[in-house]
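Participant:
Residue numbers (the numbering used here): 117 to 232.
1. With H, G and I counted as helix, E and B as strand and the rest as coil, what does DSSP make of residue 148?
2. Spatial neighbours of residue 150 within its chain, please: CB distance less than 6 Å, with the 5 preceding and 5 following residues excluded, ordered by chain position.
3. Output the boundary residues of the beta strand (DSSP E) element that contains residue 229.
4. With burial defined as no fewer than 16 other Cβ atoms inside 10 Å of the residue's Cβ, what is the status of residue 121: buried or exposed?
5. Would you mind reading off the limits of the beta strand (DSSP E) that contains residue 138?
6. State the DSSP-derived secondary structure class of residue 194, mapped to helix, strand or coil.
7. Helix, strand or coil, according to DSSP, for residue 168 in the structure here?
8. Ignore the nearest five residues each way along the sequence and tell me which others in residue 173's own chain have a CB closer than 8 Å to its CB.
9. Take residue 119 and list the residues in its own chain whose beta-carbon comes closer than 6 Å to its own, dropping the five residues that flank it on each side.
10. Take the Cβ of residue 206 as the centre, count every other Cβ of all protein chains shown within 10 Å, and call the residue buried at 16 or more, exposed below.
11. For the putative contact between residue 164 and residue 182, defined by C-beta atoms under 8 Å, what is the C-beta separation to the nearest angstrom?
12. Buried or exposed: where does residue 125 fall if 16 or more other Cβ atoms within 10 Å of its Cβ makes it buried?
Now the structure itself:
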């Protein structure tokens, strides 16, 4: 069974930084692209970043470009999301995700709160 376990997140002031991690088990991690999404009350889940299986290519949601960086360490089965220049609008629950054999698998979610 595939599991995605997240860590990181928390509270930060505007302009600050946080790093999220997501460690996978139950799959050959290096085969799969990984994504980060976020969700706020009343809004649809939003794509934050996607990284290919090798880490050679990434893409980001429009409001995250230049501030967020996705990376991965396939030896550690872990994907990261480095978030810099955080804004109050980035406050959300963040989820890591992968589509494994046609099934969407989600991490447990982690709260990120940006506030002064």
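Even for Gly, the Cβ is constructed at its ideal location relative to N, Cα and C.
Facilitator: Taking the structure as given:
1. Position 32 of the chain shown, counted from the start, is the residue given in the question as residue 148. In the structure shown, residue 148 sits in coil (DSSP, three-state: anything other than H, G, I, E or B).
2. Residue mapping note: residue 150 aligns to position 34 of the chain shown, counting from 1. Counting only residues of its own chain and dropping the five nearest sequence neighbours on each side, residue 150 has a CB closer than 6 Å to the CB of 167, 195 and 214.
3. Residue 229 sits at position 113 when you count from the first residue of the chain shown. Per DSSP, residue 229 belongs to the beta strand (DSSP E) from 226 to 230.
4. Here residue 121 is taken as the residue at index 5 of the chain shown, counted from 1. Per the 10 Å Cβ criterion, exposed.
5. Numbered from 1 along the chain shown, position 22 holds the residue referred to as residue 138. First-last of the beta strand (DSSP E) with residue 138: 134 to 141.
6. If you number the chain shown from 1, residue 194 lands on position 78. In the structure shown, residue 194 sits in a strand (DSSP, three-state: E or B).
7. Taking the first residue of the chain shown as 1, we reach residue 168 at position 52. The answer is coil: DSSP assigns residue 168 none of H, G, I, E or B.
8. As a working note, residue 173 is residue 57 in the chain shown. Result list for residue 173: 167, in chain order.
9. Numbered from its first residue, the chain shown carries residue 119 at position 3. The answer, listed in chain order, is 141 and 142.
10. The count along the chain shown starts at 1 and reaches residue 206 at position 90. So residue 206 ends up on the buried side.
11. By 1-based counting over the chain shown, the position of residue 164 is 48. By 1-based counting over the chain shown, the position of residue 182 is 66. Contact flag wrong, Cβ pair sits at about 13 Å.
12. As a first step, residue 125 is located in the chain shown; it is residue number 9 there, counting from the start. Looking at its Cβ environment, which holds 16 or more other Cβ atoms inside 10 Å, residue 125 is buried.
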